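Novice: The structure under discussion is supplied below as structure tokens; questions concerning it will follow.
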Amino acid sequence: MPDDLNKITIISKKPQGVIIATGPTGSGKTTMLYSLLAAMMNPSKNFETIEEPVEYYLEEANQVSIHEKIGLSFAQVLRATLRQDPDVILVGEMRDFDTADTAFKAALTGHMVLSTLHTNSAIASITRLIDMGIKPYILASALEGIIAQRLVRRICENCREETVPDPEQSALLRVPEDFFNGTTFRGAGCVRCNNTGYKGRLGIYEIFLMSDEYRQLIGTSYKESEIQTIARVNGMRSLLEDGLEKVRQGLTTMEEILRVVGPAVRMERQCDHCGKLMESRHLFCPHCGAFRQNCCKSCHQSLEDEWLVCPVCGTAR
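Everything in the sequence shown is counted per full-length UniProt numbering, starting at 1 for the first residue and increasing by one.
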């Protein structure tokens with residue numbers, strides 16, 4: 001198990017907080033939460049699960065299945081469950097404000113809450129919760145971690161063989177030169193894998209762990225791009241990066257990463273000074289340090305090639 005997942009398991013044993021697993025349908029979110037639940041199992045604690053439907057049956061937990069047609073919603077069952085003084089609550093999905101608000105307030109009053117959310121990345125889950133109406137200061141206080149995950153097919157070990165990285169796939173994924181040292185793996189196809197080259201699946205993860213720095217930013221002036229930048233600087237790996245690392249380890253293929261995660265999309269332009277590609281949002285070239293020529297030096301407004309004066313602040317080009 002990756003170190004970050006071990007940290008999530010340790011955090012889940014705290015007396016209170018919210019841990020969210022995010023990803024599309026079928027990405028293993030509920031299985032991930034149940035694995036955390038299994039690691040926390042203790043006869044001295046009260047465990048509750050609220051799902052639609054109940055996917056895993058546990059003798060050690062009280063489990064409730066949701067029935068929206070008769071008015072038995074996540075929010076209503078969660079409020080009723082809190083009166084039973086549970087230590088750990090697994091909420092199948094945060095679909096609306098009432099469910100999310102009740103879950104986060106439950107975490108603030110001494111409960112550990114595990115739940116799922118449908119977003120594309122870990123940081124995007126924070127934005128989604130704020131858009132749903134959760135107050136940033138409540139979110140900052142209660143949230144402990146977010147796991148974004150996908151499932152990719154594992155290369156069949158019986159017919160695995162070395163191959164040369166496909167240059168087109170490498171370009172789409174923006175793989176750094178010599179990342180694979182000229183060698184990747186693929187499944188040739190055999191009887192055991194039904195000639196598909198794959199047998200079984202494995203997870204790729206993007207794990208965001210809360211800290212005091214993030215709590216301060218979320219509670220005061222939240223910007224998704226700023227949190228994303230700081231998280232990357234602090235060592236958070238994206239889904240794509242974790243997937244490419246598993247390609248390098250010979251566990252899956254670039255083709256599978258492209259299928260599940262998609263190509264690495266960035267808005268880029270050529271530096272006017274050195275000609276290398278740089279992100280459009282950057283004011284200075286990271287390769288040569290030159291300032292963007294199509295940008296106002298005063299207000300940073302983008303300028304057209306034929307403009308001599310910035311139309312916003314009037315600064316001469």
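For every residue, glycine included, the Cβ atom is placed at its ideal position computed from N, Cα and C.
Since we're looking at a predicted model, the values are computed, not measured.
#1: For F47, which of helix, strand or coil comes out of DSSP?
#2: Could you check whether V113 and V18 sit closer than 7 Å to each other, using their CB atoms as the reference points?
#3: M210 by DSSP, collapsed to three states: which one?
#4: Assign K246 to buried or exposed, taking buried as 16 or more other Cβ atoms, counted over all protein chains shown, within 10 Å of its Cβ.
#5: With respect to the alpha helix (DSSP H) encompassing M112, which residues constitute its N-terminal and C-terminal limits?
#6: Thinking C-beta only, is T22 closer than 7 Å to T119?
#7: List, from N- to C-terminal side, the beta strand (DSSP E) runs of 3 residues or more that fit wholly inside the segment 173-261.
#8: Taking the beta carbon of P167 as the centre, do at least 16 other beta carbons fall within 10 Å, making it buried, or is it exposed?
#9: Mind checking P176: buried by the 16 CB within 10 Å criterion, or exposed?
#10: So residue 326 is in the alpha helix (DSSP H); what residue range does that whole segment cover?
#11: Would you kindly work out how many angstroms separate the C-alpha atoms of S27 and V261, rounded to a whole number?
#12: Could you check which residue in S121, T109, K297 has the C-alpha nearest to that of F208?
#13: Could you tell me the boundaries of the beta strand (DSSP E) in which I19 lies?
#14: Measure the C-alpha to C-alpha separation of A148 and L117 and round it to an integer number of angstroms.
#15: Would you say the segment 178-187 touches the segment 230-249, given that touching needs at least three Cβ pairs under 8 Å?
#16: Would A61 pass as a contact of F47 if the rule is Cβ separation under 7 Å?
#17: Give the range of the alpha helix (DSSP H) segment to which A290 is assigned.
#18: What does DSSP give as the partner residue(s) for H67 in the beta ladder?
#19: Here's the rule I'm using: 16 or more other beta-carbon atoms within 10 Å means buried, otherwise exposed. How should F104 be labelled?
#20: Run through DSSP, which three-state label would T163 get?
#21: Which residues in the same chain as K7 place their Cβ atom closer than 7 Å to its Cβ, once the five residues preceding and following it in sequence are excluded?
Specialist: The short version:
#1: If you number the sequence shown from 1, residue 47 lands on position 47. Three-state DSSP puts F47 in a strand.
#2: Residue mapping note: residue 18 aligns to position 18 of the sequence shown, counting from 1. Residue mapping note: residue 113 aligns to position 113 of the sequence shown, counting from 1. Their beta carbons are under 7 Å apart, which means V18 touches V113 by this criterion.
#3: The residue you call residue 210 lines up with position 210 of the sequence shown. It is coil, neither helix nor strand.
#4: Looking up residue 246 in the sequence shown gives position 246. Under this definition K246 is a buried residue.
#5: If you number the sequence shown from 1, residue 112 lands on position 112. First-last for M112: 112-117, but that is the beta strand (DSSP E), not the alpha helix (DSSP H).
#6: Mapped onto the sequence shown, residue 119 falls at position 119. Mapped onto the sequence shown, residue 22 falls at position 22. With respect to the 7 Å criterion, T119 and T22 are classified as neighbours on the basis of their beta carbons.
#7: 184-187, 198-209
#8: Here residue 167 refers to the residue found at position 167 when the sequence shown is read from its first residue. Its Cβ having fewer than 16 others within 10 Å, P167 is exposed.
#9: Along the sequence shown, read from residue 1 onward, the residue named residue 176 stands at position 176. Label assigned to P176: exposed.
#10: Residue 326 lies beyond the stretch modelled for the chain, which goes from 1 to 317, so this question has no answer here.
#11: Indexing the sequence shown from 1 puts residue 27 at position 27. Indexing the sequence shown from 1 puts residue 261 at position 261. Those two C-alpha atoms are separated by around 12 Å.
#12: Locating residue 208 in the sequence shown gives position 208, where the first residue counts as 1. Out of S121, T109, K297, S121 has the C-alpha closest to the C-alpha of F208.
#13: In the sequence shown, the residue the question calls residue 19 occupies position 19. It spans 17-22 - the beta strand (DSSP E) in which I19 sits, taken as one unbroken run.
#14: For the purposes of this step, residue 148 is identified with residue 148 of the sequence shown, where counting begins at 1. For the purposes of this step, residue 117 is identified with residue 117 of the sequence shown, where counting begins at 1. Cα to Cα, the separation comes out at about 9 Å.
#15: yes
#16: Counting from one through the sequence shown, the residue named residue 61 turns up at place 61. Counting from one through the sequence shown, the residue named residue 47 turns up at place 47. In contact: A61 and F47 (Cβ atoms closer than 7 Å).
#17: Sequence index remark: in the sequence shown, residue 290 carries index 290 (1-based). Note, A290: premise wrong, no alpha helix (DSSP H); not H, not E.
#18: The residue labelled residue 67 in the question sits at position 67 within the sequence shown. L72.
#19: Residue numbering aside, residue 104 sits at position 104 when the sequence shown is read from its first letter. With 16 or more Cβ atoms within 10 Å of its Cβ, F104 is classed as buried.
#20: Counting from 1 along the sequence shown, the entry for residue 163 is found at position 163. Residue state, collapsed to three classes: strand.
#21: Walking along the sequence shown from the start, residue 7 turns up at place 7. Taken in chain order, the residues that qualify are L209.
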